[in-house]
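Have a look at the structure below, then the notes.
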DNA sequence: GGACCGGGTTGATTTGCGTCAACGCCGCAT
DNA sequence: ATGCGGCGTTGACGCAAATCAACCCGGTCC
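Chains as they are written, first to last, in the numbering used here: chain A, 1 to 238; chain B, 239 to 476.
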């Protein structure tokens with residue numbers, strides 16, 4: 001009976017969203033800790049959502065009722081001060097996991113900067129799943145430890161690097177397909193991520209272009225032209 | 239046979255260091271995830287060390303062979319740039335856990351700012367322990383998630399707060415026994431933690447005293463005199 | 001005692017980045 | 001076509017914090 005009920009829910013979920021087995025994000029996400037035979041149970045707990053660009057789907061301070069797994073698109077994660085100052089603490093792309101916080105409320109807000117597909121889990125149900133699949137818990141610990149390392153790197157950037165070094169670090173970290181860097185976020189987002197203003201971001205990119213370190217074919221696309229020099233700059237070598 | 243061997247090692251460890259059952263840090267550390275009957279196994283894997291103030295016991299970039307648990311004293315954790323610029327990413331006190339990083343090398347350095355006692359575990363052996371005690375793994379995940387929340391808070395501070403707000407936040411966060419704030423670290427450490435210079439730290443503390451928000455009976459001790467005002471300042475309210 | 005040294009405070013000056021402002025580009029709606 | 005609003009760039013100017021420098025204080029080692 002219980003088994004049937006689980007199966008039935010799995011079928012419902014599969015009908016409503018892409019089943020986990022076919023999920024494009026699976027190999028890149030925490031879900032790859034789950035073996036194929038158990039994916040049905042995972043799908044039964046998941047809820048697929050489509051989110052338009054610009055929609056804020058996590059509000060800082062709200063009761064944390066869900067975990068999220070990004071299956072398409074990109075989100076910005078941020079904290080705000082009462083007068084409107086904003087710090088973007090990170091960008092979440094395909095495979096990234098959101099809502100790890102143990103506390104009862106979200107410690108940050110999240111807003112889609114591109115159309116997104118996300119996989120939503122109820123907090124309470126996932127607890128059960130964690131108990132059943134220690135491998136998932138181990139994977140989450142790995143993910144959290146990695147995030148922590150990146151957070152420390154970002155603290156070094158925010159506390160001690162110059163504007164030029166910050167932009168260089170940002171571009172090096174985001175470069176993926178060859179020398180092209182895709183920038184789905186606005187200059188304002190980049191500024192709030194690097195602890196700068198939009199004007200300084202713009203001026204600094206212009207300066208990097210003047211030094212022949214990058215090219216700027218479009219506002220949302222940058223090409224790295226002299227990677228070694230950019231890496232030296234990012235590392236703080238004078 | 240196997241059980242005997244484990245017991246024997248537990249006895250050896252108990253002789254060499256304080257047994258976990260009597261450890262003053264236990265209730266405050268990750269070790270409280272372990273039940274008393276299993277503490278002997280924990281003690282068998284632990285290695286107690288005494289570290290004098292000023293000694294760096296983790297070198298950034300070194301092979302990460304150990305985990306550490308602080309049982310007395312305080313350490314500063316930091317990252318450096320090649321020209322000497324330094325960012326302190328946190329302070330580790332009694333009960334804190336160091337070396338979570340999954341990567342093969344330490345992502346930060348650690349130096350004692352007071353005489354310390356630490357409990358050292360071999361990375362490889364702890365892996366075994368984690369497999370045996372899922373509760374420990376769950377506890378580590380909680381700890382990591384908490385660290386992540388604090389790291390995001392620090393990014394907001396470093397990226398968007400003024401010098402006055404940074405010092406106010408620092409003092410509010412460190413206040414523990416009543417209104418007294420103990421500062422075992424130097425002004426240079428505070429500056430490197432808050433992304434400022436020692437001169438700005440000194441001047442800003444003097445300014446806070448002038449506003450009657452704090453008193454400075456000694457360089458290493460500050461008393462909060464107007465907590466609500468200090469909290470407003472820390473929160474960024476103008 | 002006194003020379004020395006590391007840590008801390010305070011003052012004068014500089015500077016990197018922020019602020020304020022103008023303008024160009026592009027997509028879109030009417 | 002035309003006006004409009006969001007985004008990005010560039011220039012002039014201002015300011016918070018960095019830099020440079022002098023000095024104080026309390027240990028400690030001759």
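Built from N, CA and C at the ideal position, the CB exists for glycine as well.
In this structure, residue 72(A) places its C-beta atom within 8 Å of the C-beta atom of residue 117(A). In this structure the segment 221-235 of chain A touches the segment 166-179 of chain A; the number of beta carbon pairs closer than 8 Å is three or more. Nearest Cα to residue 378(B) within the set 220(A), 212(A), 101(A), 39(A): 101(A).
Chain B has a Cβ within less than 8 Å of the Cβ of residue 89(A).
Under the three-state reduction of DSSP output, residue 134(A) falls in the helix class. For residue 108(A), a Cβ of chain B is located within less than 8 Å of the residue's own Cβ. Residue 41(A) sits buried, since 16 or more C-beta atoms from the chains shown fall within 10 Å of its C-beta.
Contact of residue 383(B) with chain A by beta-carbon distance below 7 Å involves 100, 101, 102, 144. In the DSSP annotation of this structure, the continuous segment of the alpha helix (DSSP H) that includes residue 210(A) starts and ends at 198-210. Nearest C-alpha to residue 286(B) among 401(B), 358(B), 390(B): 358(B). In this model, residue 65(A) and residue 123(A) are separated by some 5 Å (Cα to Cα). In the three-state DSSP reduction, residue 102(A) falls in the coil class, being neither helix nor strand. Contacts with chain A at 8 Å (Cβ-Cβ) include residue 317(B). Nearest Cα to residue 164(A) within the set 22(A), 60(A), 234(A), 26(A): 234(A).
DSSP, read as helix, strand or coil, puts residue 393(B) in helix. Contact annotation for residue 397(B) against chain A: 87, 158, 195 [CB-CB distance below 7 Å, chain order]. One thing to note: residue 398(B) has its Cβ within 8 Å of the Cβ of residue 195(A). Of all C-beta pairs linking the segment 384-393 of chain B to the segment 341-354 of chain B, fewer than three are shorter than 8 Å, placing the two stretches out of contact.
Interface annotation for the segment 443-468 of chain B against chain A: empty, criterion Cβ-Cβ distance under 8 Å. Residues 230, 231, 234 of the same chain have their beta carbon placed closer than 7 Å to that of residue 172(A), with the five preceding and five following residues left out of the count. Taking a contact as a CB-CB distance under 8 Å, the pair residue 93(A) and residue 59(A) does not count as one, their CB atoms being some 21 Å apart.
Here residue 77(A) is bridged, per DSSP, to 90(A), 110(A). Around residue 461(B), the same chain offers 417, 418, 453 as residues with beta carbons nearer than 6 Å, after the five sequence neighbours per side are excluded. Under the criterion of beta carbons closer than 8 Å, residue 447(B) and residue 436(B) do not qualify as touching, at roughly 17 Å. DSSP, reduced to helix, strand and coil, places residue 456(B) within a strand of the structure shown. Residue 142(A) and residue 97(A) have their C-alpha atoms some 12 Å from each other.
When DSSP reads this structure, residue 49(A) sits in a beta bridge with 118(A).
One finds 474, 475, 476 in chain B with Cβ atoms closer than 9 Å to the Cβ of residue 83(A), taken in chain order. In the same chain as residue 306(B), and ignoring 5 residues on each side of it, the C-beta atoms closer than 6 Å to its own belong to 336, 337, 356, 358, in chain order. Between residue 174(A) and chain B, the shortest Cβ-Cβ separation is not below 8 Å.
Within the same chain, and ignoring the five residues on either side of residue 458(B) in sequence, the residues whose Cβ sits closer than 6 Å to its Cβ are 421. In this structure, residue 266(B) keeps its C-beta atom at 8 Å or more from the C-beta atom of residue 328(B). Residues of chain B with a Cβ closer than 7 Å to the Cβ of residue 184(A) do not exist, since the nearest Cβ in that chain sits about 20 Å away. Boundaries of the alpha helix (DSSP H) harbouring residue 174(A): 163-174, taken from the DSSP string. Residue 229(A): member of the alpha helix (DSSP H) spanning 227-235, first to last residue.
A check of alpha carbon separations from residue 289(B) across 373(B), 350(B), 442(B), 317(B) identifies 350(B) as the nearest.
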